[in-house]
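First the structure, in the form of structure tokens, and then the observations on it.
Numbering (my numbering), first residue to last: 1235 to 1549.
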């Protein structure tokens, strides 16, 4: 075997081990397939420029529900989940120690001798999305293939619980050709960006704002023909939308004028409303001006300067 299994004493130690390499949940990001994070954002976290991800409720719920998802998979397939695979542990590639994975669960491959080669990996997911088993999220697939390759196992499965009400799964065989390509991309990211301190290119506006939260005073960029055309089209579109917004307000005003003090508007011989116009429930407000006038020093002590956002204006 060309890997080492690490079983940390606690979750804190496990997190420290994870930070020493690329985990399976980060592979989709490196490949540009993760809709929730870009390579530039991952690089910033890895280099300590941004704080590590904090575990939110959804992440904690997903961790707790791994047991439930694995039990659903066992019931659907009859495969035996390996109890010792629960918990926080890692598999680290000996030749490339930055390749490290933490499978959610493993299972025994049916009708095979129970040994380290005859296991499969089960990746457990909880989601609010409807998942098509014939088109699973690409970053999930990459995550499983990365785990299978590092763990040197022949098969695995993605299993998911949707909104706590619907279970699904999809079995996969290890794809060596895809894994080889994927590892090449991961190694390049690790070598060039983490070890080599190069900076990945921003791929969206969020990346640009992370890199450049403030403008450089007096700096002017000369527009290309393509950017000039983009500005022209954007201006044309904004004018079109402005006209639609004006018409929308006119129609709303006409309907409200007709309704007067009525709660709802219905068509003849129908009980289903075409529109409603109700007063919302009152809310408690804070009179900041009055508080500042009557408690000036206290008000001043709680004030601080916050950098303003970069505002885009089309001229």
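For every residue, glycine included, the Cβ atom is placed at its ideal position computed from N, Cα and C.
Reduced DSSP category for residue 1275 - H, G, I as helix; E, B as strand; rest coil: In the chain shown, residue 1275 corresponds to position 41, counting from 1. In the structure shown, residue 1275 sits in a helix (DSSP, three-state: H, G or I).
According to the neighbour-count rule (16 or more other Cβ atoms, all chains shown, within 10 Å of its Cβ), is residue 1291 buried or exposed? Residue mapping note: residue 1291 aligns to position 57 of the chain shown, counting from 1. So residue 1291 counts as exposed.
Roughly how many whole angstroms lie between the Cα atoms of residue 1362 and residue 1275? Your numbering for residue 1362 matches position 128 in the chain shown. Your numbering for residue 1275 matches position 41 in the chain shown. Cα to Cα, residue 1362 sits roughly 24 Å from residue 1275.
Proximal residues to residue 1346 (C-beta, below 6 Å), its chain only, five neighbours per side dropped: Here residue 1346 refers to the residue found at position 112 of the chain shown. Excluding sequence neighbours, residue 1346 sits near 1352.
Expected contact under 8 Å - CB spacing of residue 1323 and residue 1359 to nearest Å: For the purposes of this step, residue 1323 is taken as residue 89 along the chain shown, with counting starting at 1. For the purposes of this step, residue 1359 is taken as residue 125 along the chain shown, with counting starting at 1. About 19 Å separates the beta carbons of residue 1323 and residue 1359, which is beyond the 8 Å limit, so they are not a contact pair.
What span of residues does the alpha helix (DSSP H) with residue 1444 cover, start to end? By one-based count along the chain shown, residue 1444 stands at place 210. Run containing residue 1444: 1439-1445, per the alpha helix (DSSP H) assignment.
Along the alpha helix (DSSP H) that carries residue 1325, what are the first and last residues, could you check? Along the chain shown, one-based indexing puts residue 1325 at 91. Counting along the chain, no alpha helix (DSSP H) covers residue 1325; the unbroken beta strand (DSSP E) around it starts and ends at 1324-1327.
Which residue from 1249, 1277, 1484, 1254 puts its Cα closest to that of residue 1436? Numbered from its first residue, the chain shown carries residue 1436 at position 202. It is 1277 whose Cα lies nearest to the Cα of residue 1436.
Is the beta carbon of residue 1325 closer than 7 Å to that of residue 1285? Within the chain shown, residue 1285 is the residue found at index 51, counting from 1. Within the chain shown, residue 1325 is the residue found at index 91, counting from 1. Taking the C-beta atoms as reference points, residue 1325 is found no nearer than 7 Å to residue 1285.
Pairwise C-alpha distance: residue 1490 and residue 1510: By one-based count along the chain shown, residue 1510 stands at place 276. By one-based count along the chain shown, residue 1490 stands at place 256. In a straight line, the C-alpha of residue 1510 is about 9 Å away from that of residue 1490.
Which value, in whole angstroms, describes the spacing of the CA atoms of residue 1497 and residue 1482? Sequence index remark: in the chain shown, residue 1497 carries index 263 (1-based). Sequence index remark: in the chain shown, residue 1482 carries index 248 (1-based). Cα to Cα, residue 1497 sits roughly 20 Å from residue 1482.
Is there at least one non-hydrogen atom of the ligand PLP closer than 6 Å to the beta-carbon of residue 1494? What this structure holds is no ligand at all, so the ligand PLP is not there to describe.
Let me see if you follow: with CB-CB separation under 7 Å, is residue 1328 close to chain B or not? Protein chains in the displayed structure number just one, and chain B is not present.
Evaluate residue 1307 with the Cβ neighbour count: other Cβ atoms within 10 Å of its Cβ, from every protein chain shown; 16 or more gives buried, anything less gives exposed. Position 73 of the chain shown, counting from 1, holds the residue named residue 1307. Residue burial annotation: residue 1307 is buried, with at least 16 other C-beta atoms found within 10 angstroms of its C-beta.
Those residues which DSSP pairs with residue 1339 across a bridge: Mapped onto the chain shown, residue 1339 falls at position 105. Answer is 1356, bridged to residue 1339.
Inter-residue spacing [alpha-carbon to alpha-carbon] between residue 1318 and residue 1354: Here residue 1318 is taken as the residue at index 84 of the chain shown, counted from 1. Here residue 1354 is taken as the residue at index 120 of the chain shown, counted from 1. If I take the Cα positions, the gap works out to 14 Å.
Can we say the stretch 1241-1248 touches the stretch 1408-1420, given the rule of at least three CB pairs closer than 8 Å? No: the two stretches stay apart, fewer than three of their Cβ pairs being nearer than 8 Å.
For residue 1389, three-class secondary structure by DSSP: Working through the chain shown from its first residue, we reach residue 1389 at position 155. Residue 1389: strand per DSSP, three-state reduction.
If you count every other CB in all the chains shown that lies within 10 Å of the CB of residue 1438, and 16 or more means buried, which is it? Indexing the chain shown from 1 puts residue 1438 at position 204. So residue 1438 ends up on the exposed side.
Do residue 1419 and residue 1267 have their CB atoms nearer than 7 Å? Translated into positions along the chain shown, residue 1419 becomes position 185. Translated into positions along the chain shown, residue 1267 becomes position 33. Not closer than 7 Å, so no.
CB residue 1332 to CB residue 1256, shorter than 7 Å? Walking along the chain shown from the start, residue 1332 turns up at place 98. Walking along the chain shown from the start, residue 1256 turns up at place 22. Their beta carbons are under 7 Å apart, which means residue 1332 touches residue 1256 by this criterion.
Suppose you measure from the CA of residue 1526 to the CA of residue 1519; what does that come to, to the nearest Å? Against the chain shown, residue 1526 aligns to sequence position 292. Against the chain shown, residue 1519 aligns to sequence position 285. Those two C-alpha atoms are separated by around 15 Å.
Test item: CB-CB of residue 1304 and residue 1387 under 7 Å: The residue given as residue 1304 occupies position 70 in the chain shown. The residue given as residue 1387 occupies position 153 in the chain shown. In this structure, the beta-carbon distance from residue 1304 to residue 1387 does not fall below 7 Å.
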